[in-house]
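Protein chains: 4
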Amino acid sequence: MNINPWENAREMYEHDNCAQQMGIEILEMGEGFARLSMLITSAMLNGHKNCHGGPLFTLADTAFAYACNSQGRAAVASGCSIDFLRPGNLGDRLTATAQVRSQGRQTGVYDIEIINQHEKTVALFRGRSHRIDTTVSGAKQ
Amino acid sequence: MNINPWENAREMYEHDNCAQQMGIEILEMGEGFARLSMLITSAMLNGHKNCHGGPLFTLADTAFAYACNSQGRAAVASGCSIDFLRPGNLGDRLTATAQVRSQGRQTGVYDIEIINQHEKTVALFRGRSHRIDTTVSGAKQ
Amino acid sequence: MNINPWENAREMYEHDNCAQQMGIEILEMGEGFARLSMLITSAMLNGHKNCHGGPLFTLADTAFAYACNSQGRAAVASGCSIDFLRPGNLGDRLTATAQVRSQGRQTGVYDIEIINQHEKTVALFRGRSHRIDTTVSGAKQ
Amino acid sequence: MNINPWENAREMYEHDNCAQQMGIEILEMGEGFARLSMLITSAMLNGHKNCHGGPLFTLADTAFAYACNSQGRAAVASGCSIDFLRPGNLGDRLTATAQVRSQGRQTGVYDIEIINQHEKTVALFRGRSHRIDTTVSGAKQ
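Protein chains in written order, with the working numbering: chain X, 1013 to 1153; chain P, 1013 to 1153; chain A, 1013 to 1153; chain W, 1013 to 1153.
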């Protein structure tokens, strides 16, 4: 089992079509920790000309995934909640920071905050993770 | 103020880059009601080869948006929660049905269920909406 | 394992100091279903002279517990969310109806609605349950 | 408008039957901050002999209320979520710490953590508040 957070992240990212497609970049990795960034493009706008909630959720959820898989045991999300505090605008550079709040043998709770380039909070996300029986690299345990 | 749900939906969809980009289609519209569908493509997969939570959220959130704007008053999401019950797989045809649970003068609560082509529930989503001071077509009230 | 919802409910209620203390009554039981009622007393009021969120949550959470234990396998709550739609006032007779939305082998999602004596919705609650390794009567499985 | 957090708290507590009834004590107050404590009594136990989710929620929700009213503007909860991480047992001395995460003109988001006497996390709570048009002491604004 690989417990180097950066190596786990690289392995995940290689197969993570969704994160690549959205232009999500990994800035920092640690145990139970991940910091990612994303630029709001015109493809992410909704009918109100703001960033759709979907891409904001995707960024936060991706930071969550990298943080809760950082210890080498594969984990998936069982449920998440998100509070939208400020609109995201075209061209904003968003940063999502995920931090473990609690990690038991099977389940964990992680908090993710999305800020914009002015360091204003755009969204707060909380995710519950559930470990499955493989490592991040896919080996059965 | 336009209170024809289908006309509101068409007006929103025209500017909804995100929904168009994801291939989301509107199947049914009603007052406080929307049914949308989406196909899981390879661009939506995560490192575990399942559909990333982000596109699932985006589909549910889009159904929520069309339902809570269906009465003609523009509304945005203030917060949402989602529970993931079953993985979404490549090629699955998902359907999201949004229904109003409560709509006050300003705030509303909507429930969205995503099912797959086998009519199995993939995710349950609950959204809180907040009306802003324009109509869906952008006119100030 | 006892799968008679009413017998499970009676067995639980006997040891349920909290529900008894709050004057919570069981009105109906079924598989994955429970309907309970509670009167708002002066001991439940907060500084704004409305019913505190705590007793409203307790009523909903109790209905949730009886519904997710109704199948005979002991289950506990892992997480819950509640939306407050209308204040509860002194003397209101509240009814909470819990219904299963999804029940897997281990985890379940249940929706609970609290209405008042005028059939107006006071709160919407969603709970996630997790089964533990005993029956409701305490026998190890 | 009184912006002394301790004076606001005292004024609220005087009318807060629910908090008094549960034996909740205020330990610390600050702007956007409150720390409260509660002892788990036998009246709080459920059928599984653990502390019912209701009293845990009530403690967290009360800490939330004191924190989001600490700035002198009256505020109520619009929605909350709670994750239960560890059971609460008879005789446990719980401490709930509430901290503002975001406070706008009308709405706020607050995080509350409940720990036990061994400094282990029992529950994580997130609340959304909505200001109403009075001060904490009841004067119309």
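The beta-carbon is built from N, C-alpha and C at its ideal position, and this holds for glycine as well.
Contact under 7 Å by Cβ, residue i with residue j
{"i": "P:Leu1136", "j": "A:Val1112", "result": "no"}
{"i": "W:Ile1144", "j": "W:Gly1100", "result": "no"}
{"i": "A:Ala1110", "j": "A:Ala1079", "result": "yes"}
{"i": "W:His1142", "j": "W:Ser1082", "result": "no"}
{"i": "W:Gln1033", "j": "A:Ala1055", "result": "yes"}
{"i": "P:Gln1129", "j": "P:Arg1098", "result": "no"}
{"i": "X:Gly1066", "j": "P:Thr1070", "result": "yes"}
{"i": "X:Leu1057", "j": "P:Asn1029", "result": "yes"}
Buried or exposed by the 16-neighbour rule on C-beta atoms within 10 Å, applied to residue i
{"i": "X:Leu1102", "result": "exposed"}
{"i": "X:His1064", "result": "buried"}
{"i": "P:Gln1153", "result": "For P:Gln1153, the predicted model reports a pLDDT of 47, less than 50, meaning its position is unreliable and no value from the coordinates is stated."}
{"i": "A:Glu1131", "result": "exposed"}
{"i": "A:Leu1039", "result": "exposed"}
{"i": "W:Gly1059", "result": "buried"}
{"i": "P:Glu1043", "result": "exposed"}
{"i": "X:Gln1115", "result": "buried"}
{"i": "W:Arg1085", "result": "buried"}
{"i": "W:Ile1015", "result": "exposed"}
{"i": "X:Arg1117", "result": "exposed"}
{"i": "X:Arg1022", "result": "exposed"}
{"i": "A:Arg1140", "result": "buried"}
Same chain, Cβ closer than 6 Å to residue i, neighbours up to 5 away in sequence not counted
{"i": "X:Arg1138", "result": "Ser1093 and Asp1123"}
{"i": "W:Ile1127", "result": "Thr1107 and Thr1133"}
{"i": "A:Ala1075", "result": "Ala1046, Leu1048, Ala1108, Ala1110 and Ile1124"}
{"i": "P:Met1041", "result": "Pro1017, Trp1018 and Ala1021"}
{"i": "P:Ala1077", "result": "none"}
Own chain residues within Cβ distance below 8 Å of residue i, not counting five before or after
{"i": "W:Gly1035", "result": "Met1050, Leu1051 and Thr1053"}
{"i": "X:Phe1096", "result": "Gly1065, Leu1068, Val1134 and Ala1135"}
Sequence-distant residues of its chain with Cβ nearer than 7 Å to residue i (five each side left out)
{"i": "P:Tyr1025", "result": "Ala1031 and Ile1038"}
{"i": "P:His1027", "result": "none"}
Per-residue contacts from residue i into chain B (C-beta, under 7 Å)
{"i": "A:Ala1075", "result": "In summary, chain B is missing from the structure at hand, where the protein chains are X, P, A and W."}
Near-chain W residues of the region 1090-1103 of chain P (beta-carbon distance less than 9 Å), N- to C-terminal order: Ser1090, Gly1091 and Ser1093
3-residue-minimum beta strand (DSSP E) runs that sit fully inside the region 1073-1126 of chain A, ordered along the chain: 1085-1096 and 1105-1115
Interface residues of the region 1016-1030 of chain A facing chain W [CB-CB below 9 Å]: Glu1023, Met1024, Tyr1025, Glu1026, His1027, Asp1028, Asn1029 and Cys1030
Against chain P: residues of the region 1043-1054 of chain X by CB proximity under 7 Å: Ser1054
Interface residues of the region 1123-1134 of chain A facing chain P [CB-CB below 9 Å]: Asp1123, Glu1125 and Thr1133
Residues of the region 1111-1122 of chain X with Cβ closer than 8 Å to any Cβ of chain W, in chain order: Arg1113, Ser1114, Gly1116 and Val1121
Selection of the region 1134-1148 of chain P by Cβ proximity to chain W, strictly under 9 Å: Arg1140 and His1142
Unbroken stretches of the beta strand (DSSP E), 3 residues or longer, contained in the region 1027-1073 of chain X: 1037-1042 and 1045-1051
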